[in-house]
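Notes for the one structure printed next.
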Amino acid sequence: MSLVAVVLAEMGDKTQLLAMAFATRYRWQTVLWAVFVATLLNHLLAVIAGNLVTALLPMCWIKMAAALAFIAFALWTVHGDHLEGEDSRTGRSPFWTVAIAFFIAEMGDKTQLMTMTLAAGQAVKIGGVGILAKLQQVVPVWVGTTCGMIVADAFGIIVGIVLHKHIPEKAVRWVAAAGFAAFGFFGLHDALDCILPAKTNIHHVVLMVSLPVVVFVMWRISRSDKD
Numbered sequence: 010m011s012l013v014a015v016v017l018a019e020m021g022d023k024t025q026l027l028a029m030a031f032a033t034r035y036r037w038q039t040v041l042w043a044v045f046v047a048t049l050l051n052h053l054l055a056v057i058a059g060n061l062v063t064a065l066l067p068m069c070w071i072k073m074a075a076a077l078a079f080i081a082f083a084l085w086t087v088h089g090d091h092l093e094g095e096d097s098r099t100g101r102s103p104f105w106t107v108a109i110a111f112f113i114a115e116m117g118d119k120t121q122l123m124t125m126t127l128a129a130g131q132a133v134k135i136g137g138v139g140i141l142a143k144l145q146q147v148v149p150v151w152v153g154t155t156c157g158m159i160v161a162d163a164f165g166i167i168v169g170i171v172l173h174k175h176i177p178e179k180a181v182r183w184v185a186a187a188g189f190a191a192f193g194f195f196g197l198h199d200a201l202d203c204i205l206p207a208k209t210n211i212h213h214v215v216l217m218v219s220l221p222v223v224v225f226v227m228w229r230i231s232r233s234d235k236d
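Per the numbering used here, the sequence shown starts with residue 10, numbered consecutively.
In structure tokens form, the structure reads like this:
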């Protein structure tokens, strides 16, 4: 779940664009190793933060927040990202240039927020406060999201080196956004089942009405980004 979610989040993301840009300047092995090291540290901070959230909020509301976050990620993905100088050359070695730029770009990025969301969900699912429970809550999300970043950015590096502009970025973004929206609506259904009284079905109608609204908003965001 963590691997797939982060691969979707990274498609067309600023950090994937950064990997593409660096792949045109440095050896692909250097770029990939730097991305791996930066992601390990960045996502460790994210899973710890996501784990701590579960001590502050009830389980049902965490599910609701996670579902809404997925829908927000869908809108964010459709909008797309652009580099704003993060790929500028510095006097550092290629490895540290990529690692530091990638770490900074990932702070507050949707893949980092996605990692926090997944970590909070895993903490709710596993429960417990002992060391073993905490490892089961943190490690799978940390490993999964790190692997997801490597997969997505390896794809970005291949695009940057070989394919360049031949893959339609808009199509990739829409596929990823559709996946997020699906995760979000299924999550909302489960969260509302948890929050609302038993045998209450009004939220089914609300979700069905909301789906075309979200699709329309995604389309408008896509059009505004084009304009």
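Even glycine gets a Cβ: it sits at the ideal position worked out from N, Cα and C.
Contact the region 73 to 90 vs the region 147 to 163: 3+ CB pairs below 8 Å:
no
Cβ atoms of residue 31 and residue 189: under 7 Å apart, would you say?
no
Quick check: residue 23 and residue 114, are their CB atoms within less than 7 Å of each other?
yes
Go ahead and pull the three-state DSSP assignment for residue 10.
Here residue 10 carries a coil assignment [DSSP, helix/strand/coil].
Is the region 193 to 202 close to the region 59 to 74, with three or more CB pairs under 8 Å?
In short, these stretches touch, since the Cβ pair count reaches three.
Whole angstroms are fine: how far does the CA of residue 207 sit from the CA of residue 59?
Those two C-alpha atoms are separated by around 29 Å.
Within its chain, find whatever has a CB closer than 7 Å to the CB of residue 216; leave out the 5 residues flanking it on each side and keep chain order.
194, 197, 198
What is the C-beta distance between residue 104 and residue 27, in whole angstroms, given that I count them as a contact (C-beta under 8 Å)?
About 14 Å separates the two Cβ atoms, so there is no contact after all.
Under the rule that 16 or more other beta-carbon atoms within 10 Å means buried, what is residue 218, buried or exposed?
exposed
Give the DSSP-derived three-state secondary structure of residue 233 in the structure shown.
helix
Quick check on residue 182: does DSSP put it in helix, strand or coil?
helix
What first and last residue would you give for the alpha helix (DSSP H) that runs through residue 207?
Neither: residue 207 is in no alpha helix (DSSP H) and is coded neither H nor E.
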